[in-house]
Amino acid sequence: MLVEIWYFARIKEAVDCEHEKLELPDGNPTVRDLVDILSQRGENWRKALSDENLLVAVNQTVASMQTTIAEGDEIAFFPPVTGG
Amino acid sequence: MLVEIWYFARIKEAVDCEHEKLELPDGNPTVRDLVDILSQRGENWRKALSDENLLVAVNQTVASMQTTIAEGDEIAFFPPVTGG
Amino acid sequence: MTVKIQRQDFDLSAEYEALRRDSRSPGAIVTFTGLVRDTSKHQLITAMELEHYPGMTEKSLSAIIDDARARWDVDQVSVIHRIGRLLPDEQIVFVGVSSSHRAAAFSACEFIMDFLKTRAPFWKKEFTEQGSYWVDAKDSDRDAADRWSDQG
Amino acid sequence: MTVKIQRQDFDLSAEYEALRRDSRSPGAIVTFTGLVRDTSKHQLITAMELEHYPGMTEKSLSAIIDDARARWDVDQVSVIHRIGRLLPDEQIVFVGVSSSHRAAAFSACEFIMDFLKTRAPFWKKEFTEQGSYWVDAKDSDRDAADRWSDQG
Chain Z
0 MLVEIWYFAR IKEAVDCEHE KLELPDGNPT VRDLVDILSQ RGENWRKALS
50 DENLLVAVNQ TVASMQTTIA EGDEIAFFPP VTGG
Chain W
0 MLVEIWYFAR IKEAVDCEHE KLELPDGNPT VRDLVDILSQ RGENWRKALS
50 DENLLVAVNQ TVASMQTTIA EGDEIAFFPP VTGG
Chain P
0 MTVKIQRQDF DLSAEYEALR RDSRSPGAIV TFTGLVRDTS KHQLITAMEL
50 EHYPGMTEKS LSAIIDDARA RWDVDQVSVI HRIGRLLPDE QIVFVGVSSS
100 HRAAAFSACE FIMDFLKTRA PFWKKEFTEQ GSYWVDAKDS DRDAADRWSD
150 QG
Chain G
0 MTVKIQRQDF DLSAEYEALR RDSRSPGAIV TFTGLVRDTS KHQLITAMEL
50 EHYPGMTEKS LSAIIDDARA RWDVDQVSVI HRIGRLLPDE QIVFVGVSSS
100 HRAAAFSACE FIMDFLKTRA PFWKKEFTEQ GSYWVDAKDS DRDAADRWSD
150 QG
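Those protein sequence lines, which keep their order, are chains Z, W, P and G.
With numbering that gives the first Met the number 0 applied, the first sequence corresponds to residues 0 to 83, in that order.
With numbering that gives the first Met the number 0 applied, the second sequence corresponds to residues 0 to 83, in that order.
With numbering that gives the first Met the number 0 applied, the third sequence corresponds to residues 0 to 151, in that order.
With numbering that gives the first Met the number 0 applied, the fourth sequence corresponds to residues 0 to 151, in that order.
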């Protein structure tokens, strides 16, 4: 199944990627499963995605590592927000 | 001793007086003494100055019935404030 | 710190730009503007007359601002209160506070308004189709001011 | 309710006049404006870059405003957040709230800012003479947002 992934701020810089489409294995993968797949890409990925302050959103709503991902979902990884 | 007296808002209207200079007997009179003197002037004075919410200022600082009045003081009587 | 008691209207953006210009890299500016309501106790208000006690007004506002400064780290403070005859929806009062801290700017601005409402010698007379009357002081305003004595 | 995410600067008085015009005899208007500070951790800031998550930003700001409306009786709410490159002392963010109740306007405005700071997906990068770095989230901002869960 195809999902869309966005990376923001220091996560984006750490993995040197802003946006990608990725084919995930079917079977109700969770955000945790996606993180494990992405972490295989190298030390910079593993480190950025294991940051204890990492936030994740699924379809533009804050989610958790346990959230299940469905076909066509938009997933985003980012650090704590600092606007305002 | 000569003092200056101001009346504001509904007190001013009740006693039909905005400002006056008044000669008070010497001997450390208090605001209470002044109120007693003014209350002799008639029922409208007595009633306006016995209002439990009446506020008094001596020299533009909130005072009480026990505050002592000195020569040249500026005394003001007014209801609770309602600005803003 | 500026305190102005005036008959004429004021321009929010001029006051805001003055706070911005006079502050040292403020970070946060909070403004409060009070406007004349058009109804009171279900009666339509046609006009309002604001009386004050010249001299004591400025003194009490300065004291309120000093109290706010003693409690919070604020940079500039500006207060304007209009007097005389005002129509519904006209601006009555402005309080602007700049600070490097957002929470300080909010607290100081609200504190100044709460005490202006309970301590500064202004009195409102409302004019309606049914007649004119002096506005009564509200318990809610007293409570708003009292709550600051429980807080840091 | 208006929410704008934009590169260009905003005009406080235009936003204020819109709140005034769109409100039903509001009585109280509170505005907050956030400005770029010129120093951070003792370093001079030469510029700031604001990144955001388009789509989610608007969604999260709308949710924050809905939360504020559920807690207080507010009339109009307006939020503007700038993105892109900003210089020291430039305006970053505006929150304006109108209400017939002063306390509601203050609380809702501060509440929206506190949650904007902790929930809306914006990220700041500061540029100094010593280099550029992403700003860390502050505990004080988390505390500011948390304190609303204890209150009515």
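Don't be surprised by glycine CBs; every beta carbon is placed ideally from N, CA and C.
Since the structure is predicted, the reported quantities are computational estimates derived from the model, not experimental observations.
Give me, in chain order, the residues of the same chain whose beta-carbon lies closer than 7 Å to that of residue i; leave out the 5 immediate sequence neighbours on both sides.
i	result
glutamine 129(G)	Gln42
alanine 47(Z)	Ile10, Ala13 and Val14
glutamine 59(Z)	Glu73
leucine 18(P)	Ile28, Gln75, Ser77, Gly95 and Ser97
glutamate 125(P)	Ser39, Ile44, Met47, Ser131, Tyr132 and Val134
glycine 33(G)	Ile91 and Val92
If you follow the alpha helix (DSSP H) that residue i is part of, which residue opens it and which one closes it?
i	result
phenylalanine 114(G)	101-118
threonine 56(P)	55-70
valine 30(W)	30-38
Going by beta carbon distance, what residues of the same chain come within less than 8 Å of residue i, once the five residues before and after it are set aside?
i	result
isoleucine 64(G)	Met0, Val2, Val76, Val78 and Ile111
arginine 31(W)	Met64 and Gln65
arginine 36(P)	Ile44 and Pro87
proline 78(W)	Phe7, Ala8, Arg9, Ile10, Asp50, Asn52, Leu53 and Leu54
isoleucine 82(G)	Ile4, Gln5, Arg6, Leu49, Glu50, His51 and Phe121
phenylalanine 9(G)	Lys3, Ile79, Arg81, Gln90 and Phe93
lysine 20(Z)	Leu1, Val2, Glu3 and Ile4
valine 61(Z)	Leu54 and Val55
For a test of the three-state rule: what should DSSP assign to residue i, helix, strand or coil?
i	result
alanine 17(G)	helix
glutamate 51(Z)	coil
serine 63(Z)	coil
valine 29(G)	strand
lysine 46(Z)	helix
glutamate 125(G)	strand
serine 12(G)	helix
glutamate 73(Z)	strand
glutamate 12(Z)	helix
arginine 81(P)	strand
alanine 136(G)	coil
serine 131(G)	strand
serine 24(P)	coil
glycine 151(G)	Caution applies to glycine 151(G), whose pLDDT of 47 falls short of 50 and renders its modelled position unreliable; the model cannot decide the point.
Only counting the same chain, and skipping five residues up and downstream in sequence, which positions put a Cβ closer than 6 Å to that of residue i?
i	result
valine 96(P)	Val29, Val73, Val76, Ala104, Ala107 and Cys108
threonine 67(W)	Asn27 and Thr29
tryptophan 5(Z)	His18 and Ala75
serine 105(Z)	Examination of residue 105(Z) is not possible in this model, given that chain Z is present from 0 through 83 alone.
tyrosine 52(P)	Pro120
phenylalanine 31(G)	Val94, Cys108 and Met112
glutamate 89(G)	Val35
methionine 0(W)	Leu23, Asp25 and Glu70
arginine 101(P)	Ala27
lysine 116(P)	Asp140
First and last residue of the beta strand (DSSP E) that includes residue i?
i	result
serine 97(P)	90-98
isoleucine 68(Z)	Taken as a continuous stretch (DSSP letters only), isoleucine 68(Z) belongs to no beta strand (DSSP E), as it is neither H nor E.
glutamine 5(G)	1-5
methionine 0(Z)	Counting along the chain, methionine 0(Z) falls outside any beta strand (DSSP E), and DSSP gives it neither H nor E.
lysine 20(W)	18-22
glutamine 42(P)	42-51
For the region 7-26 of chain P against the region 124-142 of chain P, are there 3 or more C-beta pairs whose distance is under 8 Å? no
Could you tell me whether the region 54-71 of chain G touches the region 54-71 of chain P, using the rule of 3 or more Cβ pairs below 8 Å? Result no; under three Cβ-Cβ pairs closer than 8 Å.
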